[in-house]
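Here is the structure we will look at, set down as structure tokens.
Shown next as structure tokens:
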């Protein structure tokens, strides 16, 4: 006990210095982070601000730690040398993480998407929930959480569905060969024109694509504001069906004839009066 | 404003148990004060549908999908209707593309379908907004390039050239716009974008009116802005302001049809 007291008397000034450094240093790092957040919010994206804050926190934290170790009388040259060797070892061990980290930096700088954008990566489609240095987190529409490492994201092709404010919805429509092409085009034009969610500018695209196996094939492409995807699809599909029914335009569908065996005749089909 | 049109915007006492059914063009409203609640139902007549000859039928009291309710207290209330311009810019097309020769000017009277705000007034106090109903379901449209444009409404009533061509419809506000071609080349345009949020509505003898706008075209290199006056338009004795602008007065813009739209809407 006496030894501890003697040690305290011998080092009380150095200890006081350490305490003062911690008391001043830690709030200073917090303050620098706050300033970076406030200033960065005006100039950078949320991901950029997050990156800047982390750089400030860990950079200034390292400086403070080095100063504290120096005050405690440690030989910094030896420590930094050991840290360098450890860094190389950790670097080899954490190659994937470092690759993700660097990919994350590129993603943050390139800004191909933001939080709340709808992203399609391979078979997965979801809202961007979080963009971190190591991975991007998506929330799918059925509320599942998907983590995609930044490295695989930067190597692959992905689609940012909501990047632009308007999009085109392409609907393939087949009608029976007996139908008049001009009549079908006119009806499709009116359907697009009357739907309030379909933009009238850019004008809807109506294309007679060709002669299918059992149908005349058309493409109806209607532009819409990106938030109207579901409402437009639901409404225009219903309108196409009801309007085609009203106009007597037939949707062809596959017909099958059923045989009960190789040597037997097909089932007889006979038209009967509905009344 | 004629009696029928002007009475539409005067507050009416809503007697308990009775249904007040104002009709503003194709918009039919039903309002009732039941207990301490205001009940409201709305229906739109599809003017393009030849089968819709009569007004929509009043929904049954038990039809919970049709009626909306607001708690307004059991004391007598008054209901005021207020015309409002659409909350987004509107894009208007003339009946056919118009070319204005150099040095000429042309006046258009653009009919814009209004929205109707329902306000509740009690004990002579400040009106409280209940809801806003469109008199016509307007289609969406886009103004500007597809990567950074602006969502607008498309107005399908054509821009008229003469006052006597205007229809006497309670649900339309007329926006007079004059276009002057001060350039040495002809000006051809197919559509007009009006930022209606900064326009007020005035009651005239036969129509509702907005502020008058003027556009001076000085060539493609100069921005073509519509400057709106802050005073009532000099037509139809339109002096009484019946609706303030949604936003403070700002300039609106006009544009010619973009060729780029053709390139993105076709293959």
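Chains as they are written, first to last, in this note's numbering: chain A, 12 to 286; chain B, 111 to 377. Glycine residues also receive a C-beta, built at the ideal position from the N, C-alpha and C atoms.
- Interface annotation for the segment 231-256 of chain A against chain B: 232, 234, 235, 236, 239, criterion Cβ-Cβ distance under 8 Å.
- Contact of residue 252 of chain B with chain A by beta-carbon distance below 9 Å involves 176, 177, 210, 211, 212, 213, 234, 236.
- Approximately 7 Å separates the beta-carbon atoms of residue 229 of chain A and residue 186 of chain A; this is inside 8 Å, confirming the contact.
- From the listed residues B:182, B:212, B:221, B:255, the smallest Cα separation to residue 322 of chain B is found for B:221.
- Taking the Cα positions, residue 200 of chain B is about 19 Å away from residue 137 of chain B.
- Below the 8 Å Cβ cutoff, chain A contributes 207 as neighbours of residue 248 of chain B, in chain order.
- A distance below 7 Å between beta-carbons, with the five flanking residues on each side excluded, links residue 326 of chain B to the following residues of its chain, in chain order: 290, 292.
- Nearest Cα to residue 287 of chain B within the set B:227, B:277, B:301, B:118: B:301.
- Using a Cβ-Cβ cut-off of 8 Å, residue 304 of chain B does not count as an interface residue toward chain A, since no Cβ of chain A sits closer than that to its own.
- Counting along the chain, no alpha helix (DSSP H) covers residue 143 of chain B; the unbroken beta strand (DSSP E) around it starts and ends at 137-144.
- With a contact defined as Cβ atoms closer than 8 Å, residue 152 of chain B and residue 242 of chain B miss out at about 10 Å.
- In this structure residue 317 of chain B does not touch residue 274 of chain B by the C-beta definition: roughly 12 Å separates them, more than the 8 Å allowed.
- In the DSSP assignment, residue 170 of chain A falls within the beta strand (DSSP E) that extends over 169-171.
- For residue 193 of chain A, the three-state secondary structure derived from DSSP is helix.
- The beta carbon of residue 351 of chain B does not come within 8 Å of any beta carbon belonging to chain A, so the residue lies off that interface.
- The three-state secondary structure of residue 166 of chain A, taken from DSSP, is helix.
- Between residue 159 of chain A and residue 146 of chain A the beta-carbon gap is near 6 Å, inside 8 Å, which marks them as a contact.
- CA-to-CA, the gap between residue 217 of chain A and residue 163 of chain A works out to about 38 Å.
- Within the segment 76-155 of chain A, the complete beta strand (DSSP E) segments at least 3 residues long are 129-132, 135-142, 146-151, listed from N- to C-terminus.
- Unbroken beta strand (DSSP E) stretches of 3 residues or longer found wholly inside the segment 165-229 of chain B: 178-181, 187-194, 200-204, 208-210, 215-223, given in chain order.
- Shown here, residue 257 of chain B sits in coil according to DSSP, grouped into three states, outside any helix or strand.
- Residue B:271 holds the alpha-carbon nearest to the alpha-carbon of residue 208 of chain B among B:228, B:271, B:246, B:230.
- Rounded to whole angstroms, the gap between the alpha carbons of residue 216 of chain B and residue 193 of chain B is 28 Å.
- Between residue 311 of chain B and residue 195 of chain B, the gap from beta carbon to beta carbon is short of 8 Å.
- Among the CB atoms of chain A, none fall inside 8 Å of the CB of residue 135 of chain B.
- Put simply, the CB of residue 212 of chain B is far from chain A, with every gap to its CB atoms at 8 Å or more.
- In the three-state scheme derived from DSSP, where H, G and I count as helix and E and B as strand, residue 256 of chain A is classed as helix.
- The beta carbon of residue 264 of chain B falls within 8 Å of a beta carbon belonging to chain A, placing the residue at that interface.
- The beta carbons of residue 247 of chain A and residue 184 of chain A sit no closer together than 8 Å.
- Neighbours of residue 261 of chain B in chain A, taken as residues at a C-beta separation under 7 Å, are given in chain order as 236.
- Per DSSP, reduced to three states, the secondary structure at residue 335 of chain B is strand.
- Around residue 134 of chain A, the same chain offers no residue with a beta carbon nearer than 7 Å, after the five sequence neighbours per side are excluded.
- With contacts defined by Cβ atoms closer than 8 Å, residue 192 of chain A and residue 222 of chain A do not form a contacting pair.
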